[in-house]
Every structure is written in structure tokens, then in C-alpha cells.
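Residue numbers (this note's numbering): 818 to 1138.
Every residue gets a Cβ at the ideal spot worked out from N, C-alpha and C, and that includes glycine.
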Ligand code: ASP
């Protein structure tokens, strides 16, 4: 018995010593979608600034899958030592209602680190679409509803959620084409293989500004300073239509408290960094204040978002499997 107690004490001491030395090597930030897309962009800006603050490189690693459901599972099963963390968006709150056999529980399998930013979405079309504004766009997709295709990043993605709400708001169903992220979806949109999509401004702002895609509306309640000419869907008559895509950081359950504290400090330092704030603002995103970059704020927000979306999704009767 005595030997057992001693070895438990030894293990605990060794664990806390390892936690004190953290980080001992590069940290992997897992992105559940394809490289070059909006979640990836938020990850790269955050990772670079966090790396400076924590004294080790934070490497962005893409583990893409439709709906972004494999990245969280990978992090859940990773060693809880702070060297593998997850960045994810609103999908963390919506996927449990959409998948019957999801292999992770957002509120139970992770240690929340903190909130990062909030990103509006935009309704955009392929360059060849004839519609010049939202009114013409609506008339066009309603008239061609059996032909037009809507690109998304799979069931549970932000682009899926936005598309689902949009279809219901305009009472029109259309064909959806799933990708492992909206970076490949954007490539196909630019190439004219799909007709339209709803995607975060972090992926669409530069394409809109350079006129490479047709832009029809933003999904936020107010216009986005980075895209001042783009009307909101509410202005255009879709009352109550508002979707904001928030991002958070998570570590595997059981990650020691000193390690989480170090990650929280690094995240807060990153969000206070003016270059990070400017980069996010240029991409249409709003950076959360450091007071929201805390485990308690993220856990509270995640729970509130799950409570908000689950009944709406259940009502819509959508399931991935
Ligand atoms: N924008 C994607 C989504 O719809 C994900 C991504 O590629 O970052 O969730």
C-alpha cells in the first residue's frame, strides 16, 4: 500500500514537473478543414502569435474531413500534454445534433482554452452568374432551382449551417455539393463548377474585393467594415437572418492545469497583438477581448450555442447518418 502511494506521488510530481517545463517542443494546432480555407486562416494568424508568446513554434496541421468531424476526434485521442490542441468553430456546437454517431463529446472530452474571434459569412456566386445584385440572384436561383448547385464543407460545417438556414428562409431547396473545407469549394466556384456558397469573410474578402466572385450579402446583423458595400440579409428582407461563426481553442481532457494556463496566457497575448487584431479586422472578423479568451468563457459559449442550435436542427430533421 505504502509503495503504491509513493509511486502515485512520484507520478504526480513527475507530471507536474513536466507541466512546469511545458512546452518542451513544437505544438500542433489541428484544423479540421482543408488548408487555405477560413478556419485555416484564423488558425495560422493565431498560431504564429501564440508561438511568439509561448516560446515554441505552433504548427498548423490540417486534418480535413467533410463536416470537420475527424479533427476533434484526433485531438480527443491525443496525449493530454498541451502539445496537440484543436481550433474549431461553431461546428463544435452543431455537429452533436447532426451526427447520430459522433465519436467525441464537445463539452466532456476537451479542456476549453478560450474564444478567439467571430466571423460573419457572405453569400457569393461564381463569376459567370448573371445576377448583379441580391434581388436578381434570388430570382435566378429560384428559377433555376433544379439546376443550381450550392457548395459546402459537409454536414456540420458553417457553410452547411448557413445554406440550411438560407434554403429555409427563401423556401427553396437546391443541390448541395460537399467538400472537405471551403478552400477546395472556392476553387471550384472560381472555376465555375459550382454556382454559389455561403462562406466566412476570412475566405471570401479578398476574392470579393478583387472582383473574382460575385458577392450578394453578408449574414451579420450589421454591415462588415471590411466590405462596406455589401448589404446584410436582414436589410434585404430576410428578417432575423444572422449567422456568426465563432472560433475557440481546445486541448484534450486531462491536460494539466498549468499547461492550460500557459496556453490561455499565450492566446490572450496573441489576441492583444495589434497585428493580429488588424489582420482579423481586414478579413472582416472581430477579435474577442482577452476576458473571453478563457476556459470558462468558451465552455459557457459552447454550451449556450449547443442549447441554441440543437432544437433548431432537430426541428429541421437533418441528420448526417
Ligand atoms: N468554411 C468552412 C465551413 O464551412 C470550413 C473551412 O474550410 O474552414 O465550416
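Buried/exposed call for residue i, threshold 16 Cβ in 10 Å
| i | result |
| --- | --- |
| residue 947 | exposed |
| residue 918 | exposed |
| residue 876 | exposed |
| residue 1027 | exposed |
| residue 969 | buried |
| residue 1031 | buried |
| residue 922 | exposed |
| residue 1054 | exposed |
Helix, strand or coil at residue i according to DSSP, with G and I counted as helix
| i | result |
| --- | --- |
| residue 818 | Since pLDDT at residue 818 reaches only 49, below the 50 mark, its modelled position is unreliable, and the value read off the structure follows with that caveat. Three-state DSSP puts residue 818 in coil, outside helix and strand. |
| residue 922 | coil |
| residue 1037 | coil |
| residue 1139 | Residue numbering for the chain in the displayed model covers 818 to 1138; residue 1139 lies beyond these limits and cannot be assessed. |
| residue 1046 | coil |
| residue 1091 | helix |
| residue 936 | strand |
| residue 941 | strand |
| residue 927 | strand |
| residue 1083 | helix |
| residue 911 | helix |
| residue 994 | strand |
| residue 1108 | helix |
Endpoints, beta strand (DSSP E) assigned at residue i
| i | result |
| --- | --- |
| residue 978 | Where residue 978 is concerned, there is no enclosing beta strand (DSSP E), although the alpha helix (DSSP H) it sits in stretches over 975-987. |
| residue 1061 | 1061-1069 |
| residue 967 | 966-969 |
Integer Cβ distance of residue i from residue j, believed to fall under 8 Å
| i | j | result |
| --- | --- | --- |
| residue 981 | residue 1060 | At roughly 10 Å, the Cβ-Cβ gap does not stay under 8 Å, so residue 981 and residue 1060 are not in contact. |
| residue 924 | residue 1115 | Residue 924 to residue 1115, Cβ: 11 Å. No contact. |
| residue 1088 | residue 1104 | 5 Å |
| residue 880 | residue 888 | 4 Å |
| residue 1101 | residue 1019 | 7 Å |
| residue 847 | residue 891 | 6 Å |
Start-to-end residues for the alpha helix (DSSP H) that takes in residue i
| i | result |
| --- | --- |
| residue 1112 | 1112-1133 |
| residue 955 | 951-960 |
My parser needs the alpha helix (DSSP H) runs of 4 or more residues fully inside the region 839-909; what are they? 855-871 and 887-893
Along the chain, which unbroken stretches of the alpha helix (DSSP H) at least 4 residues long are found entirely within the region 996-1027? 999-1007 and 1018-1026
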